[in-house]
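Undergrad: Structure below; questions to follow.
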Amino acid sequence: MDDEISCVSCLPVDPAKPYAPHVVVGFWESNRVHILSTIDSSSPFKQMCSSEPYSSVPRSVLLHNFGTSHDRNQPDYRPHLVVGLADGTVVSQAYNASEYKLQVLNISTLGGAAVHLTSYDVDGRRCVFACGNFGEVYYWNNTRLQRSPISLRVRMRLRTCRMCCDLPFLTNRRMPHGRQHSGLVAELCVCSCVPRPRSRLAGSHTRTKLASAP
Amino acid sequence: MVSTPRETYLFRVDEDEERLWYMDPITVSGLVTNQPTLALANIMQRVPGMSGTSAYGDSSFVVQVTPVGVSVLEMDPELGTTSFIGSLILEETSTWKKKRVVAASINPSQVVIALEGGVIASFSLDEHGHLQLRQ
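Chain order of the listed sequences is U and A.
This note's numbering numbers the first residue of the first sequence as 1094 and each following residue consecutively.
This note's numbering numbers the first residue of the second sequence as 77 and each following residue consecutively.
Right, here's the structure in full:
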């Protein structure tokens, strides 16, 4: 392939199977997604289907069956291509697995951050959680793909270590060397930095000086 | 597992106290922590059958994909430790020497990696936990 790959997914459409006959790949420059076959070893990653160019780069892809049946001849077999784009858009398209064709686009927006997709089950119903600036759950109900916004409650405080490394603090547990720092309490910094002398941290540091620390 | 653009960190979830405990890399043998992690998952093990066909069974193998390669670890759930089984380092291969992994996905039996230049490769684990190139 000539284009650089931006995302890939080999999660099986049928979660009961340990392997996936298809791999879904997104590309940087063309903004397209290809569905490739892994069945035929003589022609590896044979392209079965390609999307139209999207509005932005695909950053997360899933080939997901929202139905309860895993038999493609059954009416409740509902495979969809779901794509999270870099501009915060989520695109979903029904996938005709017999003719290898994508159907009409459904588009929603979750802000301006790149969207990450995760598939999971709730009470036997297969859902997709899309997370960008906001979160949404996609599921099948009343003969159509529904989406439900959810509020994200983040219990874990995430602050950036401006003392030393720009890494985030990853838990709300205070470390022994946690200290007051520019109005914030420095918590668990997972970098291996050596805490600086107290006079430099609690002294007359300005925000500019802290931000430029290595 | 938490990955930043530069490094990887492993935390243990303490459900009783609802806390995360940072695990020192020394106690997690084989885990690559000086690289970001693109994918990490438990994977099934290939079990050869009597008729020549093979099936997949539960295993304690964990696969980690980083920009420099693919590592296989074996977890001991009782002790909470890991041991290094094997790895594929791109720099040590002849065909992918100058490439890095840009994206990866893992399902129960397949590890798919995307390399720079639009290259895709698929691996599975044999019965000993060694990586086998499939496509």
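We put the beta carbon where it would ideally sit given N, CA and C, even for glycine.
Note that the structure is a prediction, hence the values are computed from the model and not measured.
1) Give the list of continuous beta strand (DSSP E) stretches no shorter than 3 residues that lie fully inside the stretch 86-159 of chain A.
2) State the start and end residues of the unbroken beta strand (DSSP E) segment that holds U:His1173.
3) For A:Met77, go through chain U and note every residue whose CB falls closer than 7 Å to its CB, in chain order.
4) Is the shortest distance between the beta-carbon of A:Glu192 and the beta-carbons of chain U less than 9 Å?
5) Just curious, the beta strand (DSSP E) that U:Ala1206 is in, first and last residue?
6) List, in order along the chain, the chain U residues whose C-beta lies closer than 7 Å to that of A:Ala117?
7) Pair every Cβ in the stretch 1239-1246 of chain U with every Cβ in the stretch 1169-1176 of chain U, then say whether three or more of these pairs are closer than 8 Å.
8) Please name the residues in the stretch 160-192 of chain A whose beta-carbon is closer than 9 Å to at least one beta-carbon of chain U, in chain order.
9) Between the C-alpha atoms of A:Met99 and A:Leu107, what's the straight-line distance to the nearest angstrom?
10) Could you tell me which chain A residues have their CB closer than 7 Å to the CB of U:Pro1105, listed as they occur along the chain?
11) Which residue wins for smallest C-alpha separation from A:Ile161, given the options A:Leu207, A:Thr103 and A:Pro81?
12) Name the DSSP beta bridge partners of U:Arg1130, please?
13) Indicate whether A:Leu114 and A:Thr158 have their beta-carbon atoms separated by less than 9 Å.
14) Would you call U:Arg1267 buried or exposed, if buried means 16 or more other Cβ atoms sit within 10 Å of its Cβ?
15) Beta carbon of U:His1163, beta carbon of U:Val1106: below 9 Å?
16) Take A:Leu149 as the anchor and find which of A:Phe137, A:Pro101 and A:Ser127 has the nearest alpha-carbon.
17) So what does U:Cys1103 bridge to, in DSSP terms?
18) For U:Arg1218, which residues in the same chain have their Cβ closer than 8 Å to its Cβ, ignoring the five residues on either side in sequence?
19) When you check each C-beta in the stretch 96-110 of chain A against every C-beta of chain U, which residues fall closer than 7 Å?
TA: For this structure:
1) 95-99, 115-118, 121-124, 130-133, 137-142 and 145-152
2) Counting from 1 along the first sequence, the entry for residue 1173 of chain U is found at position 80. Following the DSSP letters along the chain, one finds U:His1173 inside the beta strand (DSSP E) bounded by residues Pro1172 to Leu1178.
3) Here residue 77 of chain A refers to the residue found at position 1 when the second sequence is read from its first residue. Correct list: empty, because the minimum Cβ distance to chain U is about 11 Å.
4) The residue given as residue 192 of chain A occupies position 116 in the second sequence. True, the Cβ-Cβ gap to chain U drops below 9 Å.
5) As a first step, residue 1206 of chain U must be located in the first sequence, where it is residue number 113. Here U:Ala1206 belongs to no beta strand (DSSP E), and DSSP marks it neither H nor E.
6) Start at 1 with the first residue of the second sequence, and residue 117 of chain A comes out as number 41. The premise fails here: A:Ala117 is roughly 10 Å from chain U at the closest Cβ pair, so nothing lies under 7 Å.
7) The count of Cβ pairs closer than 8 Å, one atom from the stretch 1239-1246 of chain U and one from the stretch 1169-1176 of chain U, stays below three, leaving the stretches out of contact.
8) Val178, Ala179, Ala180, Ser181, Ile182, Asn183, Pro184, Ser185, Gln186, Val187, Val188, Ile189, Ala190, Leu191 and Glu192
9) Residue numbering aside, residue 99 of chain A sits at position 23 when the second sequence is read from its first letter. Residue numbering aside, residue 107 of chain A sits at position 31 when the second sequence is read from its first letter. When rounded, the distance between both Cα atoms is 11 Å.
10) In the first sequence, residue 1105 of chain U corresponds to position 12, counting from 1. Per Cβ cutoff of 7 Å: Asn183.
11) Along the second sequence, one-based indexing puts residue 161 of chain A at 85. When only C-alpha atoms are compared, the closest one is A:Leu207.
12) Position 37 of the first sequence, counted from the first residue, corresponds to residue 1130 of chain U. First, the amino acid is wrong: residue 1130 of chain U is Ser here, not Arg. Answer is U:His1115 and U:Lys1139.
13) If you number the second sequence from 1, residue 114 of chain A lands on position 38. If you number the second sequence from 1, residue 158 of chain A lands on position 82. No, Cβ-Cβ distance for A:Leu114 and A:Thr158 is not below 9 Å.
14) Your numbering for residue 1267 of chain U matches position 174 in the first sequence. Model confidence at U:Arg1267 stands at a pLDDT of 43, short of 50, so the residue's coordinates are unreliable and nothing is read from them.
15) For this step, residue 1163 of chain U is matched to residue 70 along the first sequence. For this step, residue 1106 of chain U is matched to residue 13 along the first sequence. Yes.
16) For this step, residue 149 of chain A is matched to residue 73 along the second sequence. Here the closest residue by C-alpha is A:Phe137.
17) Counting from one through the first sequence, the residue named residue 1103 of chain U turns up at place 10. Paired residue(s): none; U:Cys1103 is not in a bridge.
18) Start at 1 with the first residue of the first sequence, and residue 1218 of chain U comes out as number 125. Same-chain partners within the cutoff: Thr1161, Tyr1232 and Trp1233.
19) Leu96 and Tyr98
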